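Peer 1: Numbering (our numbering), first residue to last: 17 to 641.
Yeah, the Cβ is synthetic: ideal placement off N, Cα and C, and Gly gets one too.
Everything numeric in this text was worked out from a predicted model, so none of it was measured.
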């Protein structure tokens, strides 16, 4: 595996590939003397703010200076320094012999040029490209996939069989995890077949205790009194008998994540329509109603006084109202009085019509402006920052029908237009200024999502929010992973009853990039001690052990287990039974898999290779494997 980049994502991705998948990785990074490395992620102001909480900044700085788990494994990682990913740098990294190449530079143009060079050097190469322009990324995928199909890869080789191109974006990749952390409080979430799954470690089952319904036990951990040297290591994908006789082994369980939204979400924020009542103020509506009643009364009085046809009497009253009727000279006194009263009502009507026109115009103008948080709003999510990542998180929150209030300093930010189109309440202002978070009703909110590009701003906003409401849940976006852990521990110790999550974007997106490098089917990975369990999407027709079997029967202990359906079957066949109604991704227990079904499986590395009809990529035997 070759990874080229110029920021923290390249190191996190190398750690993911080497530590989780056990792959050999070559990094292509710019020399430190070029000054392209990112500035320190812990500015002095942020450290000072953190010190005000508990006074443990010294220990946090020690964490930042230590070599944590985020550093790549030295035995599996080789580093090549090059200012740019040119032909010489790619050749020195061994792109012509590599299985996959990840281009994660911060500049789209640099990634595109390097991808074209790499595809020309190795047509069988699997490419993973980091790009912000999604439309351009789709065209680039088609172009490079077409160029890769002209290569002469060996169909039996996993690397040659899948010379694909995958374009990923930080914002699109990190948004689901940030939303899951904010709404459900879970961190490691895998989206598979319409389901949100997370891997949790459960204690051993007591003798005779049945497993909870819905638990998907995917691994049994090494017994507590064994170090695994005698061969008693973890058991991958055990069957029901093995789980029942685990004998004190801990379990790794895949459980479904449910988004819980407070039931008292009033007023509703998803209504984008403009109610008619907002055109006119209540005072103006009452004035128009009384004037209309007076006009109707004058029409009835004119009908009674003149003995005219009711329609003709109403017509005369309207002419008098607009002062376009002849004077009632020589007519009965009652008719003259009614004409004077109608003229007076017409004088009152003129300012009311002008006021209604002005209020209607103001309503139309404010319809395209940003909404303010309505009164009585509670249980919502306060989103700070509408940049690249904040925009995607906002769209995701609205798709889940979660009430949200946005705060953005720049009125020209890319997410402001999205908030305006979604009719989401937005406060324009600096979150570090007093009164801005109060305007977003932080005291009545459920969670604070601090997603600005400044670590200092995010930390200061979280500390201020905790001062207003100590039990508010917070999710912070922090760039540097080790500093993120230090902030999390400090805030957790200071507010143990409140939910605190600090997230590094590079940490969130690295598993997706690593999964794309391992193959387009891989959705995520679950580390189990020194082994790894892969979550992948495969075609049921790719292996005879899946087609014609139910989900319970399509299970091979130690190799793979079907979790859900990734998509609906295509094609209507009269001989195939209709699929019974079921929740997304969860078919009926007796549903028989068809060849064109796409299923989500949990598999070992060897089991996935067997399902795909290919052999695993050769790699050295190490403890990380």
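1. Using three-state DSSP, classify residue 31 as helix, strand or coil.
2. Might you give, ordered along the chain, the residues of its own chain that have their beta carbon closer than 6 Å to the beta carbon of residue 153, omitting 5 neighbours on each side?
3. Please list the terminal residues of the continuous beta strand (DSSP E) segment that includes residue 146.
4. Using the Cβ count rule (16 or more neighbours within 10 Å means buried), how would you classify residue 499?
5. Indicate the three-state DSSP secondary structure (helix, strand or coil) for residue 5 in the structure shown.
6. Using only the alpha-carbon positions, how far apart do residue 427 and residue 454 sit?
7. If we count the other Cβ atoms within 10 Å of its Cβ and call it buried at 16 or more, is residue 28 buried or exposed?
8. Which whole-angstrom value is the C-beta distance of residue 135 and residue 163, which I expect to be below 8 Å?
9. With distances taken between CB atoms, is the gap from residue 351 to residue 321 smaller than 8 Å?
10. With DSSP collapsed to three states, give me the class of residue 400.
11. Distance, Cα to Cα, residue 315 vs residue 368?
12. DSSP three-state label for residue 238, please.
13. Any contact between the region 423 to 440 and the region 484 to 493? By contact I mean 3 or more CB pairs, one from each, below 8 Å.
14. If you run the structure through DSSP and keep just helix, strand and coil, what is residue 36?
15. Excluding five sequence neighbours on each side, which residues of the same chain lie with their C-beta closer than 8 Å to the C-beta of residue 459?
16. May I have the straight-line CA-CA distance separating residue 404 from residue 263, to the nearest angstrom?
17. Within the continuous beta strand (DSSP E) that includes residue 463, where are the two ends?
18. Please say whether residue 142 and residue 115 have beta carbons closer to each other than 8 Å?
19. From the DSSP secondary-structure annotation, give me the bridge partner or partners of residue 518.
20. Inspect the beta-carbon positions of residue 609 and residue 552 and report whether they are closer than 8 Å.
21. Where does residue 626 sit, in a helix, a strand or coil, going by DSSP?
22. Have a look at residue 436 and residue 423 and give me their C-alpha separation to the nearest angstrom.
23. For residue 466, which residues of its own chain have a beta-carbon under 6 Å away from its beta-carbon, when the five flanking residues on both sides are left out?
24. Just the Cα atoms here: how many angstroms apart are residue 412 and residue 522?
25. For a minimum of 3 consecutive residues, which ranges assigned as the beta strand (DSSP E) are wholly contained in the region 96 to 148?
26. Given a threshold of 16 other Cβ atoms within 10 Å of its Cβ, counted over all protein chains shown, does residue 306 qualify as buried or as exposed?
27. Rounded to whole angstroms, what's the CA-CA distance from residue 448 to residue 38? Just pull it up for me.
28. Going along the chain, which residues of its own chain have a beta-carbon closer than 8 Å to the beta-carbon of residue 133, five neighbours each way excluded?
29. Given a cut-off of 8 Å on the beta-carbon distance, is the pair residue 481 and residue 32 in contact?
30. Counting only runs that start and end within the region 400 to 483, where is the beta strand (DSSP E) found for 3 or more residues in a row?
31. Buried or exposed: where does residue 370 fall if 16 or more other Cβ atoms within 10 Å of its Cβ makes it buried?
32. From the DSSP output, read off the bridge partner residues of residue 350.
33. Name the two residues that bound the continuous beta strand (DSSP E) containing residue 543.
34. In three-state terms, what does DSSP make of residue 311?
35. Taking DSSP as the reference, what is the three-state secondary structure of residue 252?
36. For residue 345, count neighbouring C-beta atoms within 10 Å of its own C-beta (all shown protein chains included) and say buried if the count is 16 or more, exposed if not.
Peer 2: Inspection of the coordinates gives the following:
1. Residue 31 sits at position 15 when you count from the first residue of the chain shown. Helix, per DSSP.
2. As a position in the chain shown, residue 153 is number 137, starting the count at 1. Answer for residue 153: 147 and 183, listed in chain order.
3. Locating residue 146 in the chain shown gives position 130, counting from the first residue. Its beta strand (DSSP E) spans residues 142 to 146.
4. Counting from 1 along the chain shown, the entry for residue 499 is found at position 483. The residue is buried, with at least 16 neighbouring Cβ atoms inside 10 Å.
5. No statement about residue 5 is possible, as the shown extent of the chain runs from 17 to 641 and does not include it.
6. In the chain shown, counting from the first residue as 1, residue 427 sits at position 411. In the chain shown, counting from the first residue as 1, residue 454 sits at position 438. Those two C-alpha atoms are separated by around 19 Å.
7. Residue mapping note: residue 28 aligns to position 12 of the chain shown, counting from 1. Its Cβ being crowded by 16 or more others within 10 Å, residue 28 is buried.
8. The residue labelled residue 135 in the question sits at position 119 within the chain shown. The residue labelled residue 163 in the question sits at position 147 within the chain shown. Right, their Cβ atoms sit about 5 Å apart.
9. As a working mapping, residue 351 is identified with position 335 in the chain shown. As a working mapping, residue 321 is identified with position 305 in the chain shown. A distance below 8 Å separates the beta carbons of residue 351 and residue 321.
10. As a working note, residue 400 is residue 384 in the chain shown. It is a strand residue.
11. Indexing the chain shown from 1 puts residue 315 at position 299. Indexing the chain shown from 1 puts residue 368 at position 352. If you take the alpha carbons of residue 315 and residue 368, they lie about 20 Å apart.
12. Start at 1 with the first residue of the chain shown, and residue 238 comes out as number 222. Residue state, collapsed to three classes: coil.
13. Result no; under three Cβ-Cβ pairs closer than 8 Å.
14. Position 20 of the chain shown holds residue 36. It is coil, neither helix nor strand.
15. Here residue 459 corresponds to residue number 443 of the chain shown, with the count starting at 1. If we look at residue 459 and ignore the five residues flanking it on each side, its Cβ neighbours are 484 and 485.
16. Within the chain shown, residue 404 is the residue found at index 388, counting from 1. Within the chain shown, residue 263 is the residue found at index 247, counting from 1. Computed Cα separation, rounded: 49 Å.
17. As a working mapping, residue 463 is identified with position 447 in the chain shown. Looking at the DSSP string, the run of the beta strand (DSSP E) that includes residue 463 is 463 to 466.
18. Within the chain shown, residue 115 is the residue found at index 99, counting from 1. Within the chain shown, residue 142 is the residue found at index 126, counting from 1. For residue 115 and residue 142, yes; Cβs fall inside 8 Å.
19. To locate residue 518, count along the chain shown from 1; it is residue 502. In the DSSP output, where bridge partners are listed per residue, residue 518 has 492.
20. Numbered from its first residue, the chain shown carries residue 609 at position 593. Numbered from its first residue, the chain shown carries residue 552 at position 536. No, they are not a contact pair.
21. As a first step, residue 626 must be located in the chain shown, where it is residue number 610. Helix at residue 626.
22. To locate residue 436, count along the chain shown from 1; it is residue 420. To locate residue 423, count along the chain shown from 1; it is residue 407. When rounded, the distance between both Cα atoms is 13 Å.
23. Locating residue 466 in the chain shown gives position 450, where the first residue counts as 1. Here the set comprises 400, 474, 477, 478 and 492.
24. Within the chain shown, residue 412 is the residue found at index 396, counting from 1. Within the chain shown, residue 522 is the residue found at index 506, counting from 1. Approximately 19 Å, taken between the alpha carbons.
25. 116 to 119 and 142 to 146
26. Residue 306 sits at position 290 when you count from the first residue of the chain shown. With fewer than 16 Cβ atoms within 10 Å of its Cβ, residue 306 is classed as exposed.
27. The count along the chain shown starts at 1 and reaches residue 448 at position 432. The count along the chain shown starts at 1 and reaches residue 38 at position 22. Spanning the two alpha carbons is a distance of roughly 44 Å.
28. Taking the first residue of the chain shown as 1, we reach residue 133 at position 117. Counting only Cβ-Cβ distances below 8 Å, and skipping sequence neighbours, we find 101, 102, 103 and 106.
29. The sequence position of residue 481 within the chain shown is 465, counting from 1. The sequence position of residue 32 within the chain shown is 16, counting from 1. No, the Cβ-Cβ distance between residue 481 and residue 32 is not below 8 Å.
30. Listed in chain order, the beta strand (DSSP E) elements of length 3 or more contained wholly in the region 400 to 483 are 420 to 424, 442 to 444 and 463 to 466.
31. Counting from 1 along the chain shown, the entry for residue 370 is found at position 354. Its Cβ having fewer than 16 others within 10 Å, residue 370 is exposed.
32. Counting from one through the chain shown, the residue named residue 350 turns up at place 334. For residue 350, which the question treats as bridged, DSSP gives no partner whatsoever.
33. In the chain shown, the residue the question calls residue 543 occupies position 527. Segment 538 to 544, the beta strand (DSSP E) holding residue 543.
34. Position 295 of the chain shown holds residue 311. In the structure shown, residue 311 sits in a helix (DSSP, three-state: H, G or I).
35. The residue you call residue 252 lines up with position 236 of the chain shown. Of the three classes helix, strand and coil, the one that applies to residue 252 here is strand, per DSSP.
36. In the chain shown, counting from the first residue as 1, residue 345 sits at position 329. The Cβ neighbour count for residue 345, taken over all protein chains shown within 10 Å, is under 16; the residue is labelled exposed.
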